[in-house]
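Going down the list, the sequences are from chains U and B.
Be aware that the first sequence starts at 1, since it is given in the working numbering, and climbs by one per residue.
Be aware that the second sequence starts at 1001, since it is given in the working numbering, and climbs by one per residue.
Protein chains: 2
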Amino acid sequence: MSHGLDPLVLVGVAVMLVAAKLCGELFERRGQPAVLGELLGGMLLGALALAGVGTFQALRTDAVVGALAEIGVVILLFEVGLESDLSEMLKVGVSSLVVAVAGTAASFALGYAAASLFLPAAPALARLFVGAALTATSVGITARVLRDAGKLQTATARVILGAAVIDDVIGLVILAVMKGAVESAGAGGGVSASAVGWVALKAVAFLVGAVVVGKLVVPQLFRGAGKLEGRGVLLALAVSICFALAWAAAALGLAAIIGAFAAGLLLEEAHFEKLPRHTKHDLNDLLAPVSQLLVPLFFVLVGLRVELRVFARPAALAFAAALTAAAIIGKQACALGVWGRGANRLAVGLGMIPRGEVELIYAGLGASLLLTDAQGATEPVVAPTTYGAIVITVVLTTLATPPALKWATGRGDKRERQRDE
Amino acid sequence: MSHGLDPLVLVGVAVMLVAAKLCGELFERRGQPAVLGELLGGMLLGALALAGVGTFQALRTDAVVGALAEIGVVILLFEVGLESDLSEMLKVGVSSLVVAVAGTAASFALGYAAASLFLPAAPALARLFVGAALTATSVGITARVLRDAGKLQTATARVILGAAVIDDVIGLVILAVMKGAVESAGAGGGVSASAVGWVALKAVAFLVGAVVVGKLVVPQLFRGAGKLEGRGVLLALAVSICFALAWAAAALGLAAIIGAFAAGLLLEEAHFEKLPRHTKHDLNDLLAPVSQLLVPLFFVLVGLRVELRVFARPAALAFAAALTAAAIIGKQACALGVWGRGANRLAVGLGMIPRGEVELIYAGLGASLLLTDAQGATEPVVAPTTYGAIVITVVLTTLATPPALKWATGRGDKRERQRDE
């Protein structure tokens, strides 16, 4: 009880959780991902301030609530790593890789162009950051639509899911590069090519190194842990590895979430066969309650931090619309990457549209990174207008995908039936 | 990611978790409660500073680590509340109540006497606080010993377990009173009887009020929640109720944990029959991973915050020894409270000896409460020497109980067999 926990944190977290679950439920019932509801729940709490109820404004800057949300996103990337099957990723291979690279490159370019059009005065790095924010596909909603349509075992689904995983990795490496570039940028936001190369090298080396070294060390650790009988040893060990790698990534100047993702990849095939009473299934089950409480806090907080006043300016709305268009059109380049037999190109392009977690992490990180301009003034890489536009892009791309994807797969089915007749 | 989470928090939590699980395991294997291992694990991390490794000293005062630990203790009291069966408590009734009151009163008086002997210069309130810290029995270790001996269904066990639950409630009410008294104390640490009465009234009214109002409102809430299908709704709702009541208690000037305990009592019989897919069992299961990660942080932090240098002074060791003696002798008054048929008086007195969570919460809270003396200087209610002595008392009373209790129950069996022959 020392250093007195501010009770506001307790009631704030309670309100954020209730908002997350109510709004998340509302969206899930309409076939939308819960994360959208959580975002809008946060924006709603923020909107209360415009209506004169300012109680929850303090949560936006509360250090403990912020830390809980960040621990949530570390846990989220750990889970994503756990769910990414390295060997499966290597199998879907070339087609997914080409699809992922084509989609991320085109989205990056169009995002940068939109930012240059609407933020001509912003430093180059800030505009590059917007482009980078649009790279990664959030595959959850697509996977859900394909599963509901009974199409999860098709070539189309395999290509999309493989590409989405590669997307995440590309998105995280670019994030590491952007973070390093911003931190090493001189006055005026200049970028040195060698600095960018160095960060990219570090990020890739870290991911590969962590997985290779981890595969040697982790089995020993779990063999040791297998001898422990106490409650929660498996969970505590897994979370400790996740946090330790997150710290190591941060110590190398990368984002902490890259370490968490590496920890997930590492434990994915994890050596749970060494633990007679524990199975891999258990780790996901044990993590679930922790992530159900912490992860929504991150997304509600992202929503809460959106400056709603920004949208009173038509230019801000136009920027949000342009960014959404860039995000949608950029991913249609994925269709060009589809290789040979059986995959529905149109569905691949549309299925890659949704943006989600990674974009919001970009928005959050960008809001906390400061750039020094030529006059020596500092400003965040992601200014409030850009922050709002990125959140809007996430919302719109996610809402647009299910109907578009249903139409495209239906169209593909019709064509196949006509061919069969 | 805004407001940059200090990566030290991540690696610190990882190290604390590993220390907790390793040391906890070591103690559990020897038939001791894991909480002792967690305490000593924290003291070990603190001892590294004496050995020149100061890395973990920053954790003692880190706001985020402190907040995580406090959320841990809120979750712990919520679990204790969930496990306390109100109707069972009313059944064991009179005998347990008399045992609890006799034990807490004697421990309070002896603790106050020990503090007066060793800290003659301390304000009356600080000495009363030490007495209060000794009141509550930590029944976990006793329950474990009785269960291992196959004696959990005996009259002795029922009296001990009932009294321990009542102890917790008495301990929490006294805590609320002490906190209120310290906060309303004038210069010189004076206490007004009306202020004490007012806080005691508030604490009891809050517990009763929360349970009564809650029993009316919670069924409606869960009936509503039963209609939600999203992941983690039950857990999020339960934790939100816990945090909201913790906040309400804090807003009334009580300790947040009293609200968490009330929330547990409230949800104990909870209205999970309204939730077809959820059972009460589920809530305990869902809370377990959260509590396995957060609760050990609290106890490791308590250990880490012990000023080991204090024990270089013989007077500090003597105070710790006197406090331990007061704690042990005080609970022998419980034997006087045992009423009639079948319960082993000696075993009841010995079984009530262990101190644990509530004492450590007193130590932590006391370290953060400041008293102003007659000269206008402020000092914590629980000074470093007292803090260390309370922790030592917890360790020694817990270590002493299992052998003493085994001896007493064995002796009781022998006498019974002799009577039967």
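Just so you know, even glycine gets a beta-carbon here, dropped at the ideal spot from N, CA and C.
Apart from sequence neighbours up to five positions away, the residues of its chain that approach THR1137 (chain B) with a beta-carbon distance below 6 Å are ALA1164, ASP1167, MET1352, ordered along the chain.
Using a C-beta cut-off of 8 Å, the segment 1373-1391 of chain B makes contact with the segment 1314-1331 of chain B, since at least three inter-stretch Cβ pairs fall below that distance.
Using beta-carbon distances, VAL300 (chain U) does not count as an interface residue toward chain B, since no partner is under 9 Å. By the neighbour-count criterion, in which a residue is buried when 16 or more other Cβ atoms sit within 10 angstroms of its Cβ, GLN1153 (chain B) is exposed. For GLY1253 (chain B), the closest of B:VAL1177, B:LEU1265, B:LEU1216 by C-alpha to C-alpha distance is B:VAL1177. A Cβ-Cβ distance of about 16 Å is found for the pair ALA1067 (chain B) and LEU17 (chain U), leaving them out of contact under the 8 Å criterion. By the criterion of a C-beta distance shorter than 8 Å, GLN1032 (chain B) is surrounded in its chain by ILE1141, THR1398, LEU1399, PRO1402, once the five residues flanking it on both sides are discounted. Along the segment 245-261 of chain U, going in chain order, the ones with a CB nearer than 7 Å to a CB of chain B are ALA246, TRP247, ALA250, ALA251, ALA256. Scanning chain B for C-beta atoms nearer than 9 Å to the C-beta of VAL239 (chain U) yields VAL1013, ALA1014, LEU1017, LEU1293, reported in chain order. Judged by pairs of C-beta atoms under 8 Å, the segment 1293-1306 of chain B touches the segment 1023-1042 of chain B, as three or more such pairs exist. Note on geometry: alpha-carbon atoms of ALA1320 (chain B) and GLY1103 (chain B) lie some 20 Å from one another. For LEU207 (chain U), the closest Cβ of chain B is not nearer than 9 Å.
Approximately 16 Å separates the beta-carbon atoms of GLU1079 (chain B) and SER1240 (chain B); this is outside 8 Å, ruling out the contact. Secondary structure of LEU1221 (chain B) (DSSP, three-state): helix. Between the beta-carbon of LEU1076 (chain B) and that of GLU1268 (chain B) there is about 15 Å, and that puts the pair past the 8 Å contact cut. The secondary-structure analysis by DSSP pairs GLU1379 (chain B) across a beta bridge with B:LEU1371. For the segment 1067-1084 of chain B, the set of residues with a beta-carbon nearer than 9 Å to any beta-carbon of chain U comprises ALA1067, LEU1068, ALA1069, GLU1070, ILE1071, VAL1073, VAL1074, in chain order. By the 16-neighbour rule on beta-carbons within 10 angstroms, PRO120 (chain U) is exposed. In terms of Cα proximity to SER95 (chain U), the closest of U:LEU125, U:ARG158, U:GLY46 is U:ARG158. For a Cβ distance threshold of 7 Å, nothing in chain U lies close to ALA1389 (chain B): the least Cβ distance comes to about 17 Å. Among the CB atoms of chain B, none fall inside 9 Å of the CB of PRO384 (chain U). Burial state of THR378 (chain U) is exposed, judged by a 10 Å Cβ sphere holding fewer than 16 other Cβ atoms. For ARG1029 (chain B), the enclosing alpha helix (DSSP H) begins and ends at 1007-1029.
Between the C-alpha atoms of VAL182 (chain U) and ALA1246 (chain B) there is a straight-line separation of about 42 Å. Apart from sequence neighbours up to five positions away, the residues of its chain that approach PHE56 (chain U) with a beta-carbon distance below 8 Å are GLY12, VAL15, LEU45, GLY46, LEU48, ALA49, LEU304, ordered along the chain.
Rounded to the nearest angstrom, the gap between the Cα atoms of GLN220 (chain U) and THR61 (chain U) is 42 Å. Contact of ALA236 (chain U) with chain B by beta-carbon distance below 8 Å involves LEU1017, VAL1018, ALA1020, LYS1021, GLN1292, LEU1293, PRO1296.
Within chain U, the residues placing a beta-carbon under 9 Å from that of PRO1289 (chain B) are GLY232, LEU235, ASP285, LEU286, LEU287, ALA288, PRO289, VAL290, ordered along the chain. LEU1287 (chain B) sits away from ALA1210 (chain B), with the two beta carbons spaced by 9 Å or more. Chain order gives the chain U residues near PHE1243 (chain B) as LEU10, VAL11, VAL13, ALA14, where near means a beta carbon separation below 7 Å. Proximity of PRO354 (chain U) to chain B, defined by a Cβ-Cβ separation below 9 Å, is not satisfied. Among the CB atoms of chain U, one or more fall inside 9 Å of the CB of GLU1025 (chain B). With its beta carbon at least 9 Å from every one in chain B, PRO402 (chain U) lies outside the interface. Three or more beta-carbon pairs separated by less than 8 Å are not found between the segment 1362-1374 of chain B and the segment 1333-1344 of chain B, which leaves the two stretches without contact. With 16 or more neighbouring CB atoms inside 10 Å of its own CB, ALA1126 (chain B) falls in the buried class.
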